[in-house]
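Read through the structure below, which is laid out as structure tokens, and then see the notes.
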Ligand code: MG
């Protein structure tokens, strides 16, 4: 399949699954930086830990792909989660996994702790490029368990390394060289514990665009039972948009008036701290929402809420553009879709899409409806 026109070279998505009441996974799609974090601790503490870790990673990640520096950013995130637990934000015992990658052309640097995973699809073959830090993975490496036994082992979710407990946390940090056309997948164990690697491989290989792959992966995990929160980030390698923007690390211009420059930066930080609190609440809310909207004549799905809050957009790249033309739907629905129809989460959005699909019929409509007055 050829890539769909206008499709983004990367996408991320997360779903609560079918069993858990909340989603403790978090992810980041901010090219060239991508990450997945799977929070632990229950009672929303895991959510605090994974959000905080992603926040700190975002602030501390290097501007250019560098494995050691990315590893240091993950250690900063670890320190922040430990401190948060000690100072009462979240709770003691909370933690999170972290699998993060920075992409620069065909170079991929990875920093990783826990049992979330990074995979690389090369010429149709999917390979796991991270090692799980879990009890069953240790047992497989020691030869006391087969990979098949590990998948169903009662202790399969026990991890041996996580952010949030050890101040001297060991972070795996390394670089791999990919080829143009390869696909990178970051995911939480809610995907890999539900869907076999060969099925993940097929979905990632056969999806025309990253956003299609993400939606199909989340759906596959839910079809298999959705026992855990599911998160997937897919990045096409060797595309211009996934590369580091040139000059991103340009040194700040030397100012003759260094003092004023510093004062202004300090004020920016204070303002940012105040805004961040409100934004964080808005972010958490928006993240649980979804909407469907007309985009270039077809129905599209977004996570988040339309518009902006405090100048920040609160919708995310896991948009799905369907092949459903809005002018084939009933006029009231078509009109509502121009403004966007808000629903409480992605599953409800997909339910709407399924209804629209029924309205327009199962086959893909490629030509606009015929105007009856124009035909004899
Ligand atoms: Mg999980």
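In the numbering used here, the protein residues as written are 250 to 625.
The C-beta atom is built at its ideal place from N, Cα and C for all residues, glycine as well.
- Query: Count the other CB atoms within 10 Å of the CB of residue 574; is the residue buried (16 or more) or exposed (fewer)?
  - Reply: In the chain shown, counting from the first residue as 1, residue 574 sits at position 325. Buried, since its Cβ has 16 or more Cβ neighbours within 10 Å.
- Could you name the residues of the same chain whose beta carbon sits closer than 6 Å to that of residue 261, not counting the 5 residues immediately before and after it, in chain order? Counting from one through the chain shown, the residue named residue 261 turns up at place 12. So the qualifying residues of the chain are 276, 278, 482, 567.
- Query: For residue 330 versus residue 342, is the C-beta distance shorter than 8 Å?
  - Reply: The count along the chain shown starts at 1 and reaches residue 330 at position 81. The count along the chain shown starts at 1 and reaches residue 342 at position 93. Not closer than 8 Å, so no.
- Please write down, chain order preserved, every residue whose beta carbon lies under 6 Å from a heavy atom of ligand 1. 287, 437, 438, 439, 477, 478
- Reduced DSSP secondary structure (H/G/I, E/B, other) of residue 631: Only positions 250 to 625 of the chain appear in the structure, and residue 631 is not among them; the question remains open.
- Message: On the CB-based measure, 16 or more other CB atoms within 10 Å of its CB, does residue 372 come out buried or exposed?
- Response: Numbered from 1 along the chain shown, position 123 holds the residue referred to as residue 372. Result: exposed.
- Query: By DSSP, does residue 308 sit in helix, in strand, or in coil?
  - Reply: Taking the chain shown and counting its residues from 1, the one referred to as residue 308 is at position 59. Helix at residue 308.
- Query: What residue does the beta strand (DSSP E) around residue 287 start on, and which one ends it?
  - Reply: Translated into the one-based positions of the chain shown, residue 287 becomes position 38. Unbroken beta strand (DSSP E) run through residue 287: 282–289.
- DSSP-derived helix/strand/coil call for residue 275: Residue 275 sits at position 26 when you count from the first residue of the chain shown. Strand, per DSSP.
- Task: Jot down the residue ranges of each uninterrupted beta strand (DSSP E) in the region 428–458, minimum 3 residues, whole runs only, in chain order.
- Result: 432–436
- Assigned exposure category for residue 459 - 16 Cβ within 10 Å defines buried: Here residue 459 refers to the residue found at position 210 when the chain shown is read from its first residue. Under this definition residue 459 is a buried residue.
- Task: Run the CB neighbour count on residue 472, radius 10 Å, all protein chains shown included, and call it buried at 16 or more, exposed below.
- Result: Here the question's residue 472 lines up with position 223 in the chain shown. Classification for residue 472: exposed.
- Task: Just list the alpha helix (DSSP H) runs in the region 388–427, keeping only unbroken ones of 4 residues or longer that don't cross its boundaries, in chain order.
- Result: 396–401
- Query: Which whole-angstrom value describes the C-beta separation of residue 542 and residue 433, a residue pair presumed to lie in contact below a C-beta threshold of 8 Å?
  - Reply: Locating residue 542 in the chain shown gives position 293, counting from the first residue. Locating residue 433 in the chain shown gives position 184, counting from the first residue. Their Cβ separation, rounded to whole angstroms, is 28 Å, which puts residue 542 and residue 433 out of contact at 8 Å.
- Excluding the five sequence neighbours on either side, which residues of its own chain have a C-beta within less than 8 Å of the C-beta of residue 547, listed in chain order? If you number the chain shown from 1, residue 547 lands on position 298. Closer than 8 Å at the Cβ level, and outside the excluded window around residue 547, lie 570, 571, 572, 573, 574, 575.
- Item | Beta-carbon proximity check, residue 347 vs residue 323, cutoff 8 Å | The residue you call residue 347 lines up with position 98 of the chain shown. The residue you call residue 323 lines up with position 74 of the chain shown. Their beta carbons are under 8 Å apart, which means residue 347 touches residue 323 by this criterion.
- Item | residue 572 - DSSP class collapsed to helix/strand/coil | Walking along the chain shown from the start, residue 572 turns up at place 323. DSSP places residue 572 in strand when its eight states are reduced to three.
- Query: residue 593: which of 602, 540, 582, 609 sits nearest, CA to CA?
  - Reply: Along the chain shown, one-based indexing puts residue 593 at 344. Cα-wise, what sits closest to residue 593 is 540.
- Item | Separation of residue 311 from residue 442, as counted between CA atoms | Mapped onto the chain shown, residue 442 falls at position 193. Mapped onto the chain shown, residue 311 falls at position 62. Approximately 32 Å, taken between the alpha carbons.
- Could you pull out every residue in the same chain whose Cβ sits closer than 6 Å to the Cβ of residue 360, ignoring the five residues on either side in sequence? By one-based count along the chain shown, residue 360 stands at place 111. Answer for residue 360: 319, 320, 323, 349, 420, 422, listed in chain order.
- Distance, residue 382 Cα to residue 431 Cα: For the purposes of this step, residue 431 is identified with residue 182 of the chain shown, where counting begins at 1. For the purposes of this step, residue 382 is identified with residue 133 of the chain shown, where counting begins at 1. Cα to Cα, the separation comes out at about 25 Å.
- Message: Considering Cα atoms alone, identify which of 325, 304, 282 is closest to residue 313.
- Response: Residue 313 sits at position 64 when you count from the first residue of the chain shown. If we check each option's Cα against that of residue 313, 282 comes out closest.
- Query: Which of the three DSSP states, helix, strand or coil, is assigned to residue 543?
  - Reply: Counting from one through the chain shown, the residue named residue 543 turns up at place 294. Reduced to three states, the DSSP call for residue 543 is strand.
- With 16 other CB atoms within 10 Å as the buried threshold, where does residue 273 fall? Looking up residue 273 in the chain shown gives position 24. The residue in question, residue 273, is buried, as its Cβ has 16 or more Cβ neighbours within 10 Å.
- Task: Can you have a look at residue 327 and say buried or exposed, based on whether 16 or more other CB atoms are within 10 angstroms of its CB?
- Result: Within the chain shown, numbered from 1, the residue matching residue 327 stands at position 78. Per the 10 Å Cβ criterion, buried.
- Spell out the partners DSSP gives residue 367 in its beta bridges. Looking up residue 367 in the chain shown gives position 118. Note: residue 367 sits in a beta bridge opposite 435.
- Item | Residues bridged to residue 315 (per DSSP) | The sequence position of residue 315 within the chain shown is 66, counting from 1. DSSP, once it has assigned bridges, lists no residue as partnering residue 315.
- Task: Mind checking who residue 344 pairs with in its DSSP beta bridge?
- Result: For the purposes of this step, residue 344 is identified with residue 95 of the chain shown, where counting begins at 1. According to DSSP, residue 344 bridges with 289.
- Please confirm whether residue 363 and residue 333 have their CB atoms less than 8 Å apart. As a working mapping, residue 363 is identified with position 114 in the chain shown. As a working mapping, residue 333 is identified with position 84 in the chain shown. Taking 8 Å as the Cβ cut-off, residue 363 and residue 333 do not qualify as a contacting pair.
- Query: How many whole angstroms separate the CB atoms of residue 488 and residue 258, which I take to be in contact at a CB cut-off of 8 Å?
  - Reply: Position 239 of the chain shown, counted from the start, is the residue given in the question as residue 488. Position 9 of the chain shown, counted from the start, is the residue given in the question as residue 258. With a Cβ gap of about 4 Å, residue 488 and residue 258 count as contacting.
- Going along the chain, which residues of its own chain have a beta-carbon closer than 6 Å to the beta-carbon of residue 365, five neighbours each way excluded? For this step, residue 365 is matched to residue 116 along the chain shown. These residues qualify, in order along the chain: 285, 287, 346, 348, 437.
- Message: So the candidates are 554, 589, 479; which of them puts its Cα closest to the Cα of residue 266?
- Response: Here residue 266 refers to the residue found at position 17 when the chain shown is read from its first residue. When only C-alpha atoms are compared, the closest one is 479.
- Could you check which residue in 477, 485, 296, 468 has the C-alpha nearest to that of residue 597? Translated into the one-based positions of the chain shown, residue 597 becomes position 348. Checking every option, the nearest Cα to that of residue 597 belongs to 468.
- Query: When the Cα atoms are used, what is the spatial distance from residue 380 to residue 429?
  - Reply: Within the chain shown, numbered from 1, the residue matching residue 380 stands at position 131. Within the chain shown, numbered from 1, the residue matching residue 429 stands at position 180. Spanning the two alpha carbons is a distance of roughly 24 Å.
- Task: With residue 356 as the anchor, note down where its beta strand (DSSP E) starts and where it stops.
- Result: In the chain shown, the residue the question calls residue 356 occupies position 107. Unbroken beta strand (DSSP E) run through residue 356: 356–362.
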